[in-house]
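Participant:
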Amino acid sequence: MKFFVDTGDVQEIRDLAATGMVDGVTTNPSLIAKTGRNFIEVVEEICGIVEGPVSAEVAATEHDQMLAEGRRLAKIAPNVCVKVPLTWNGLKVCRKLADEGTKVNVTLCFSPGQALLAGKAGATFVSPFVGRLDDIAHEGMDLIADIVTIFANYPAIETEILVASARSTLHVVQAARLGAHVATLPPKVLHQLAMHPLTDKGLDAFVADWKKTGQSIL
Ligand code: G3P
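Right under this line is the structure:
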């Protein structure tokens, strides 16, 4: 499973990229607004930190403006993946950008039907939002299961399922069990993946017992 970091915070990205576990980055207008920084500059900086796909979302909702913004964002760096919302304008722009060789991440996906359209539009990634479905008492992971099953029926669909709005390590494990290609994670969730109290307890015991030997390896 590929892990993307879902943030505009370049220091968080730098720290996590140093672990070798980061395969890409996703941003969105809300995450960029949180940085208080210039959007283009943030994306440029992130593209210099992470080699993998860096999703940068258009702000427009009308077709021509969306296409122009997408083309502008694609010019920032070779690893920019233009993010468009799952609307008819977004799908049309996705098709055009994909035909121009630009990677596209179709976002704000909340149904299997929408995901099918993203696949037909040539999206590189489709981003179903799990957490926001959970927030309204729908089983967000059921959407991932549906999309995985549907896409498996059509090998011609090369779109990767990018699980977004992931709120916990459980979301990551459940998505991995289902075979989703990518999970984009808030830095906190990615950090939590490595944590376990029994690991800490066991390591403390190893360190204490090793100290008793009075030995050193080097
Ligand atoms: O990439 C989409 C993600 O940022 C949305 O997460 O927690 O705002 O639903 P959330």
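Residues in the sequence shown are numbered consecutively from 191, following my numbering.
Quick reminder that beta carbons are idealized off the backbone N, C-alpha and C, glycines included.
Computed from a prediction, not measured in an experiment: that's the story for all the values here.
#1: Are the beta-carbon atoms of Val362 and Leu333 separated by less than 8 angstroms?
#2: Let's test the definition: count the other Cβ atoms within 10 Å of the Cβ of Asn343 and tell me whether it reaches 16, buried, or not, exposed.
#3: Is Lys192 helix, strand or coil by DSSP?
#4: Which two residues bound the contiguous beta strand (DSSP E) that contains Val316?
#5: Would you mind stating whether Gly280 and Val272 have Cβ atoms separated by less than 8 angstroms?
#6: For Cys284, collect the residues of the same chain with a Cβ closer than 8 angstroms to its Cβ; drop the 5 residues on either side in sequence, then sort them by chain order.
#7: Would you kindly report the start and end of the unbroken beta strand (DSSP E) that includes Glu329?
#8: Is the Cβ-Cβ distance between Leu276 and Gln304 less than 8 angstroms?
#9: Quick check: does the Cβ of Leu221 come within less than 7 angstroms of any heavy atom belonging to the ligand G3P?
#10: Quick one: is the Cβ of Phe300 within less than 7 angstroms of any heavy atom of the ligand G3P?
#11: Tell me which residues share the same chain as Thr251 and place their Cβ nearer than 8 angstroms to its Cβ, disregarding the 5 neighbours each side in the sequence.
#12: For a test of the three-state rule: what should DSSP assign to Ile266, helix, strand or coil?
#13: Out of Thr374, Glu329, Thr292, Arg367, state which residue places its alpha-carbon closest to the alpha-carbon of Ser317.
#14: Checking the sheet assignment: what are the DSSP bridge partners for Ile351?
#15: Check the DSSP bridge columns for Pro275 and list the partner residues they point to.
Facilitator: Judging by the given coordinates:
#1: Going by beta carbons, Val362 and Leu333 fall outside the 8 angstroms limit.
#2: Around the Cβ of Asn343, a 10 Å sphere holds fewer than 16 other Cβ atoms; the residue is exposed.
#3: In the structure shown, Lys192 falls within a strand segment according to DSSP collapsed to helix, strand and coil.
#4: DSSP places Val316 in the uninterrupted beta strand (DSSP E) bounded by 315 to 318.
#5: Cβ distance not < 8 angstroms, so Gly280 and Val272 don't count as in contact.
#6: Result list for Cys284: Val274, Val294, Val296, Ala308, Ala311, Gly312, Ala313, in chain order.
#7: First-last for Glu329: undefined, no H or E at that position.
#8: Judged by their CB atoms, Leu276 and Gln304 are nearer to each other than the 8 angstroms cut-off.
#9: In this structure, Leu221 has its CB closer than 7 angstroms to one or more heavy atoms of the ligand G3P.
#10: For the ligand G3P, not one heavy atom lies less than 7 angstroms from the Cβ of Phe300.
#11: Excluding positions up to five away in sequence, the list reads Pro275, Thr277, Asn279.
#12: Reduced to three states, the DSSP call for Ile266 is coil.
#13: Of the residues Thr374, Glu329, Thr292, Arg367, the one whose Cα lies closest to the Cα of Ser317 is Thr374.
#14: Paired residue(s): Val316.
#15: For Pro275, the pairing in a beta bridge is given by DSSP as Thr297.
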